[in-house]
Amino acid sequence: MKIYTLKSKQRLPIPLDKAWEFLSDPANLKVITPDYMSFDILSGADRPMFEGQIIQYIVTPIAGIKTKWVTEITHVRDKEYFVDEQRFGPYALWHHKHFLKEIEGGVEMEDIVDYKLPMGFLGSMAHPFLVQPKLKEIFDYRHKKLIELFGEFEDSTKPKTKISEKEQPSSK
């Protein structure tokens with residue numbers, strides 16, 4: 060089984076408090092998701108983020124196919140990080156860590172997503188030409204949208220998104 064890791068970093072010229080306020084509001088996920096994905100929050104985004112929060116939404120990632128996705132916020136450390144994990148949705152595993160760090164002139168955000176595709180070998184075959192490019196496209200869109208909303212940090216002209224994979228020992 061393969062576990063893939065997506066890593067993305069971005070710097071923004073805003074204070075840590077402002078970055079945290081925006082990123083820890085589940086309703087803002089719609090703002091930083093491409094419009095063509097028809098992202099629609101069904102429930103769970105009516106209050107500030109907290110551990111144990113369940114967020115349900117519908118997303119249309121590919122070919123007009125609507126997909127229900129349920130995530131749980133499993134860890135929150137104010138103005139430092141939060142973690143969301145898929146409870147129901149398109150992935151066999153989705154574990155997304157969001158880190159924030161105050162830096163000179165602004166804030167650095169880092170996303171680390173560990174994910175596994177369903178359908179074994181078929182899922183692995185679809186990764187390089189379907190899943191990986193789509194995830195990169197989504198994170199590149201977020202990068203551009205955050206610049207549009209908050210301005211550009213001096214060195215943030217290119218998105219820094221990388222996806223890698225690790226072969227995990229099978230558990231037989």
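Here the sequence shown stands for residues 60 to 231, where the numbers follow the numbering used here. We put the beta carbon where it would ideally sit given N, CA and C, even for glycine.
Next item on the list: Return the first residue and the last residue of the beta strand (DSSP E) that residue 112 is part of.
Entry: Looking up residue 112 in the sequence shown gives position 53. Careful: residue 112 lies outside any beta strand (DSSP E) and carries neither H nor E.
Next item on the list: List the residues that DSSP assigns as beta-bridge partners of residue 145.
Entry: On the sequence shown, residue 145 is found 86 positions in, with the first residue counted as 1. According to DSSP, residue 145 bridges with 130.
Item checked: Bounding residues of the alpha helix (DSSP H) (the contiguous stretch that carries residue 170) -> Here residue 170 corresponds to residue number 111 of the sequence shown, with the count starting at 1. Note, residue 170: premise wrong, no alpha helix (DSSP H); beta strand (DSSP E) at 165-175.
Note to self: If distances are taken between C-alpha atoms only, which option among 158, 118, 164, 64 comes closest to residue 88?
What the structure shows: Here residue 88 is taken as the residue at index 29 of the sequence shown, counted from 1. Comparing Cα positions, the closest option is 118.
Next item on the list: Report all residues from its chain with a CB closer than 6 Å to the CB of residue 201; omit the five preceding and five following residues, and keep chain order.
Entry: The count along the sequence shown starts at 1 and reaches residue 201 at position 142. Excluding sequence neighbours, residue 201 sits near 91.
Margin query: For a test of the three-state rule: what should DSSP assign to residue 83, helix, strand or coil?
Written below: What you label residue 83 is simply residue 24 of the sequence shown in a count that begins at 1. It is coil, neither helix nor strand.
Checklist line | Contained beta strand (DSSP E) runs [length at least 3] in the segment 184-212, N- to C-terminal order | finding: none
Margin query: Tell me the DSSP secondary structure of residue 150 in three-state form.
Written below: Translated into the one-based positions of the sequence shown, residue 150 becomes position 91. Note: residue 150 maps to coil in three-state DSSP.
Note to self: Check whether the segment 67-79 and the segment 162-171 are in contact - that is, three or more C-beta pairs closer than 8 Å.
What the structure shows: yes
Next item on the list: Could you check what DSSP says for residue 77 in three-state terms: helix, strand or coil?
Entry: Residue numbering aside, residue 77 sits at position 18 when the sequence shown is read from its first letter. If DSSP states are grouped into helix, strand and coil, residue 77 belongs with the helices.
Check: So what does DSSP say about residue 158, is it helix, strand or coil?
Finding: Residue 158 sits at position 99 when you count from the first residue of the sequence shown. If DSSP states are grouped into helix, strand and coil, residue 158 belongs with the strands.
Margin query: According to DSSP, simplified to helix, strand and coil, what is residue 137?
Written below: Taking the sequence shown and counting its residues from 1, the one referred to as residue 137 is at position 78. Coil, per DSSP.
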